[in-house]
Each structure stands twice: as structure tokens, then as C-alpha cells.
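Peer 1: So in this note's numbering, the last one in the sequence shown is 435, and the numbering has no gaps at all. A virtual CB, placed ideally from N, CA and C, is assigned to each residue, including glycine. If you're wondering where the values come from, they're calculated on a predicted model, not measured in any experiment. Take this structure first; my questions come after.
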Amino acid sequence: MTQTQLDEAVELHGRFMAGRLGGRRAVLKRMDLSGLSLRERDLRQADFSGSIMSSMDLAGANFREASLYACDLTNANLNKTTFVRADLRGARIESANLAGANLDNADLRAGGMSVDGSFGQGQNVNFRGANLAGAKLSGTLASNADFSDAIMAKVDLTGADLRGARFEGADLTEAEIKGAQLMGANLKSTILTGVEIKEISNSGADLTGAVTDENVGKPISALDEPLAKLIKEHRNWVATVGRQGRQLDLSGYDLRILLSLAGERLTAVKAIRARFCGMDLTDIQLQSAMLDDCDFRSCFLRGGDFRGSSLRNVKLGHADLRNSDFRALVFDNPDGSKKSSPCILDGSNMRYANCAGARFAGSSFQGADLSYADLTGCDLAGADFTGAKLDNAIVEGVRIEGAIFDGNLPDSLKKLMG
Numbered sequence: 018m019t020q021t022q023l024d025e026a027v028e029l030h031g032r033f034m035a036g037r038l039g040g041r042r043a044v045l046k047r048m049d050l051s052g053l054s055l056r057e058r059d060l061r062q063a064d065f066s067g068s069i070m071s072s073m074d075l076a077g078a079n080f081r082e083a084s085l086y087a088c089d090l091t092n093a094n095l096n097k098t099t100f101v102r103a104d105l106r107g108a109r110i111e112s113a114n115l116a117g118a119n120l121d122n123a124d125l126r127a128g129g130m131s132v133d134g135s136f137g138q139g140q141n142v143n144f145r146g147a148n149l150a151g152a153k154l155s156g157t158l159a160s161n162a163d164f165s166d167a168i169m170a171k172v173d174l175t176g177a178d179l180r181g182a183r184f185e186g187a188d189l190t191e192a193e194i195k196g197a198q199l200m201g202a203n204l205k206s207t208i209l210t211g212v213e214i215k216e217i218s219n220s221g222a223d224l225t226g227a228v229t230d231e232n233v234g235k236p237i238s239a240l241d242e243p244l245a246k247l248i249k250e251h252r253n254w255v256a257t258v259g260r261q262g263r264q265l266d267l268s269g270y271d272l273r274i275l276l277s278l279a280g281e282r283l284t285a286v287k288a289i290r291a292r293f294c295g296m297d298l299t300d301i302q303l304q305s306a307m308l309d310d311c312d313f314r315s316c317f318l319r320g321g322d323f324r325g326s327s328l329r330n331v332k333l334g335h336a337d338l339r340n341s342d343f344r345a346l347v348f349d350n351p352d353g354s355k356k357s358s359p360c361i362l363d364g365s366n367m368r369y370a371n372c373a374g375a376r377f378a379g380s381s382f383q384g385a386d387l388s389y390a391d392l393t394g395c396d397l398a399g400a401d402f403t404g405a406k407l408d409n410a411i412v413e414g415v416r417i418e419g420a421i422f423d424g425n426l427p428d429s430l431k432k433l434m435g
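Here it is, written out as C-alpha cells:
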């Protein structure tokens, strides 16, 4: 369907909803509408069952009581879109932007289409990696829905049926969960700070590895000196090669209260298991740093310098790593030879990270998960991806000379490899 044809159908639907002569309800089942726009249009009670609506601009549209049963809304712009009482059973909404969307009392249970194209029970609703920040899902029927890696800060889940739902790796900061049913839900490694978890704790949900107000780590106030003074001493320690000052050790600390360390020079800092979630670390200098097991989810790390650092098992989901530098750091030996210290990202979780333009030449990604990561224009020459996951990663315009890959690879990467 073309944009012109779609606009005509919407116009007739508007006449139908207004009770005007010549109107006709929009029934667009099993249509390919990908890439088209319904921005701020009124689609109340329309029927899009089984349609492909990926990458559509649906921002501000009104789908109140509409049927989007088994629709593919992957990568769609659903910013402030209304889905009140809509039928979204079996919908695929992966990587979509639903910031500020209203899904009150929507039906998000399982559903789908069979091989012959008929509708029936099937797949669970898929919100993996979607941005649901501030969305309203109160009263929704979302049992067994998949919200893995989704951004759900300040989302309203009041009274929602979330039994068996999957939230692994999701950010639920300050979410409202009063009265929500979470029996059997998977909340592993979720961020639950600012959330009343008493009801969750008694629901049988799996909270393994979850970040809560009770286990965020050591506060900055526990440092033996003000942080500014410690940073100054650390820089002196680096400048004098350890003869003066002292190395800054932030291991186990929760640094999120600082909000920003943008532009800071923290070369060779030690910060194992530190929490930086959501912080602005733009242009930060962290060369030769010990950052194993750190949590950098949703951080702004654009232009950061991580050359030669150890980042084993770090969490970088949804992080902005554009134009950052993760190459090896080269040192001069006393005899005039060169020593190269590679950047280690083994076991890291970089799902949905934006790495466009980043330099990873010579880095090690053994066992890392880069599913859905945007690697557009990255320098991956000589990098080791043994055992790494690259499912649905974007790998356009990358350098891969000498890189090591195994396992299932994106089609675009296979083409580059010939």
C-alpha cells in the first residue's frame, strides 16, 4: 500500500467515525505498511490485524480500541501513541519507541497467525529493547509478554497482569507497580531503584541480580575524602607514575547520584563492579582502567576513550558509544620496542548499544553479546569475536580486516566476508 492509498483509507475512516456520508471503517488486514506514516491520525476502532507496520511513524496516533492483533511494529515510532483498550495480542513491538505511549487496559496476551495465514493462539507480545519510558500500561493484560532489555523508567504498571512476563535486563527505575500481578515473572538483572519491591518479593518473581534500593552498592559519602580531592590525587598519581598521590579506587560504589562525569580524566582508575547506569560520561577518559563487571547501561559514553582498559562482563545495554575509542593502547618499552595493551570486552553485554563510528580495532569480544547493537561505520579490524553473539546487529560500513568471527552472523557481515 502506498502513502496516498493509506491517507485515503484514513480519510474515509474519519468520515465513518464522525457518522458522515460515504465513510468506511479502516479494515487493513495483512497489509504491508512498513515505512509509511500515520502520525497524529485518528485510527480509533480500525483493524490492522496481521499487518506489517515496521518502521512506521505512528507518533501521536490514536489506536484506541483498535485491533493490531499479530502486527509487526518493529522499530516503529510510537512516541505518545494511544493504545487504550487496543488488541495487541501477539504483536511484535521490538526496538520500537513507545516513550509516553498510553497502553491502559490494552490486551497484550499471546496471539498470532498460523502458516496458512489464519489467526490463532501463538507468539507472546514482544517488546524486547523497546523504549517504554513513561508509558502507561495500567490494567493491561500482558501475561508472558517479553520486555527484555526494554527501557521502562517511570512506566505505570498499576494493576497490570504480568504473570510469567519477562523483564530480564530491563530498566524499571521508579516504575509504578501497585497491584500488578507478577507471579512467575522474570526480573533478572533489572534496574528497580525507586520501586516499591515488597509486593514483588512476595510474588514469586525471579529477582536474581536485580538492582534495588537495598543493594545499589556503596554510596559516594562512604569515601574517605571528597571525590574531587581524590580525583586530583589520582591525576597526580598518574602524572608521576605512582611516585606521588594515590590511585582512585571506586570499586563497588554507586556513582549515579553524580549524574555526570563528562570530560573527566580518570586514566588508570580502578572501578570494578561500580554502577554508572544512566550517567553522562561523554568524552570521559578511562584509558588503562580496571572496569570489570561495571554497569554502564543507558550511559552517554559518546567520544569516550577506553583504550587498553579491562571491561570484562560489563553491562552496556542501550549505551551511547558513538565515536568512542576502544583500541589497544601502545606503550614504549625502555629498549625502544613497543608494547600493546588491548581493550578487553570479553563477556560484555552490549545489546542495543549505539556504537556507530566507534573504534574497536584489536579489541577482544570473546563471549560478548552484541545482539541488536548498531555497529555502523565501526573499525573492527583485528578484533576477536570468538563465541560472541551478533544477532540482528547492524554492521554496515565496518572494517573487518583480520577480525575473527564464528557462529551465526548477520547477513550483511557474511557479505563483507565474501
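Near ASP173, which residues of its chain fall below 7 Å by C-beta distance, leaving aside the five closest residues on each side in sequence?
Peer 2: Counting from 1 along the sequence shown, the entry for residue 173 is found at position 156. Counting only Cβ-Cβ distances below 7 Å, and skipping sequence neighbours, we find LYS153, LEU154, SER155, GLU193.
Peer 1: Roughly how far, in whole angstroms, is the beta-carbon of LEU283 from the beta-carbon of LEU265, given that I think they are within contact range, below 8 Å?
Peer 2: In the sequence shown, counting from the first residue as 1, residue 283 sits at position 266. In the sequence shown, counting from the first residue as 1, residue 265 sits at position 248. Going by Cβ atoms, the distance from LEU283 to LEU265 rounds to 7 Å, so yes, they are a contact pair.
Peer 1: Can you tell which of ASP89, CYS372, GLY404 has the C-alpha that lies nearest to the C-alpha of ILE421?
Peer 2: Counted from its first residue, the sequence shown places residue 421 at position 404. Nearest option by C-alpha distance: GLY404.
Peer 1: Near ALA336, which residues of its chain fall below 6 Å by C-beta distance, leaving aside the five closest residues on each side in sequence?
Peer 2: As a position in the sequence shown, residue 336 is number 319, starting the count at 1. These residues qualify, in order along the chain: PHE313, CYS316, LEU318, ALA370.
Peer 1: Go ahead and pull the three-state DSSP assignment for LYS46.
Peer 2: The count along the sequence shown starts at 1 and reaches residue 46 at position 29. Collapsing the DSSP output to three states places LYS46 in coil.
Peer 1: How would you label GLU185, buried or exposed, when you count the other beta carbons within 10 angstroms and need 16 or more for buried?
Peer 2: In the sequence shown, the residue the question calls residue 185 occupies position 168. Classification for GLU185: buried.
Peer 1: Can you list, in chain order, the residues of its chain with a C-beta nearer than 8 Å to that of HIS30? Leave out the 5 residues immediately preceding and following it.
Peer 2: To locate residue 30, count along the sequence shown from 1; it is residue 13. Around HIS30: GLY40, ARG41, ARG42, ALA43, ASP59, LEU60, ALA63.
Peer 1: Looking at LEU75 and LEU105, is the spacing between their C-beta atoms short of 8 Å?
Peer 2: Against the sequence shown, residue 105 aligns to sequence position 88. Against the sequence shown, residue 75 aligns to sequence position 58. Cβ atoms of LEU105 and LEU75: not closer than 8 Å.
Peer 1: Pairing CB atoms from the stretch 242-255 with CB atoms from the stretch 220-234, are three or more of them under 8 Å?
Peer 2: no
Peer 1: First and last residue of the alpha helix (DSSP H) that includes LYS432?
Peer 2: The count along the sequence shown starts at 1 and reaches residue 432 at position 415. Per DSSP, LYS432 belongs to the alpha helix (DSSP H) from 428-433.
Peer 1: Considering Cα atoms alone, identify which of SER84, PHE33, LEU115, PHE80 is closest to THR91.
Peer 2: For the purposes of this step, residue 91 is identified with residue 74 of the sequence shown, where counting begins at 1. Checking every option, the nearest Cα to that of THR91 belongs to LEU115.
Peer 1: Report, in whole angstroms, the separation of the C-beta atoms of ARG376 and ALA345, which I expect to be a contact under 8 Å.
Peer 2: Residue mapping note: residue 376 aligns to position 359 of the sequence shown, counting from 1. Residue mapping note: residue 345 aligns to position 328 of the sequence shown, counting from 1. The pair is not a contact, with the Cβ atoms about 10 Å apart (cut-off 8 Å).
Peer 1: Quick check on the burial criterion: 16 or more other C-beta atoms within 10 angstroms. Buried or exposed for VAL132?
Peer 2: Along the sequence shown, one-based indexing puts residue 132 at 115. For VAL132, the predicted model reports a pLDDT of 46, less than 50, meaning its position is unreliable; a value from the coordinates is still stated below. It is exposed - the Cβ of VAL132 has fewer than 16 other Cβ atoms within 10 Å.
Peer 1: Give the DSSP bridge partners of GLN302, in chain order.
Peer 2: Numbered from 1 along the sequence shown, position 285 holds the residue referred to as residue 302. In the DSSP output, where bridge partners are listed per residue, GLN302 has ARG282, ASP322.
Peer 1: If I'm right that LYS436 touches ALA83 with Cβ under 8 Å, what's the distance once you round it to whole angstroms?
Peer 2: In the structure displayed, the chain extends from 18 to 435; residue 436 sits before or after that span and is not available.
Peer 1: Check each candidate in VAL258, GLY234, TYR270 and name the one with the smallest Cα separation from LEU244.
Peer 2: Position 227 of the sequence shown, counted from the first residue, corresponds to residue 244. The option with the nearest alpha carbon to LEU244 is TYR270.
Peer 1: Expressed to the nearest angstrom, what Euclidean distance is found between the alpha-carbon atoms of GLY259 and LYS205?
Peer 2: As a working note, residue 259 is residue 242 in the sequence shown. As a working note, residue 205 is residue 188 in the sequence shown. Going from the Cα of GLY259 to the Cα of LYS205 covers about 40 Å.
Peer 1: For the alpha helix (DSSP H) that LYS249 lies in, which residues bound it at each end?
Peer 2: Along the sequence shown, read from residue 1 onward, the residue named residue 249 stands at position 232. Per DSSP, LYS249 belongs to the alpha helix (DSSP H) from 244-256.
Peer 1: Assuming GLU111 and GLY146 make a contact with CB atoms under 8 Å, what is their CB distance in whole Å?
Peer 2: Here the question's residue 111 lines up with position 94 in the sequence shown. Here the question's residue 146 lines up with position 129 in the sequence shown. Rounded, the Cβ-Cβ distance is 6 Å, consistent with contact.
Peer 1: Scan the stretch 37-121 and note each continuous beta strand (DSSP E) run of 3 residues or more that stays entirely inside, going in chain order.
Peer 2: none
Peer 1: What residue does the beta strand (DSSP E) around SER358 start on, and which one ends it?
Peer 2: Locating residue 358 in the sequence shown gives position 341, where the first residue counts as 1. Residues 355-358.
Peer 1: Let me make sure I understand the geometry here. Which of ALA256, ALA279, ARG292 has the alpha-carbon closest to that of LEU267?
Peer 2: The count along the sequence shown starts at 1 and reaches residue 267 at position 250. Measuring from the Cα of LEU267, the nearest candidate turns out to be ARG292.
Peer 1: How close, in whole Å, do the beta carbons of ASN148 and ASP163 come, if the pair is a contact with beta carbons under 8 Å?
Peer 2: Against the sequence shown, residue 148 aligns to sequence position 131. Against the sequence shown, residue 163 aligns to sequence position 146. Their Cβ separation, rounded to whole angstroms, is 15 Å, which puts ASN148 and ASP163 out of contact at 8 Å.
Peer 1: If you reduce the DSSP assignment to three classes, tell me which class LYS215 lands in.
Peer 2: The residue labelled residue 215 in the question sits at position 198 within the sequence shown. Helix, per DSSP.
Peer 1: Given ALA197, which residues of its chain have a CB within under 6 Å of its CB, disregarding the five upstream and five downstream residues?
Peer 2: Indexing the sequence shown from 1 puts residue 197 at position 180. Here the set comprises LEU174, ALA177, LEU179.
Peer 1: Does DSSP put VAL132 in a helix, in a strand, or in coil?
Peer 2: Translated into positions along the sequence shown, residue 132 becomes position 115. In this prediction, VAL132 has a pLDDT of 46, which is less than 50 and means its spatial position is unreliable; nothing more can be read from the coordinates.
Peer 1: DSSP puts PHE348 in a beta bridge; with which residues?
Peer 2: Taking the first residue of the sequence shown as position 1, residue 348 is located at position 331. Paired residue(s): LYS356.
Peer 1: Could you check the C-alpha separation between ALA288 and TYR389 for me, to the nearest Å?
Peer 2: The residue you call residue 288 lines up with position 271 of the sequence shown. The residue you call residue 389 lines up with position 372 of the sequence shown. Their backbone Cα atoms lie some 27 Å apart in a straight line.
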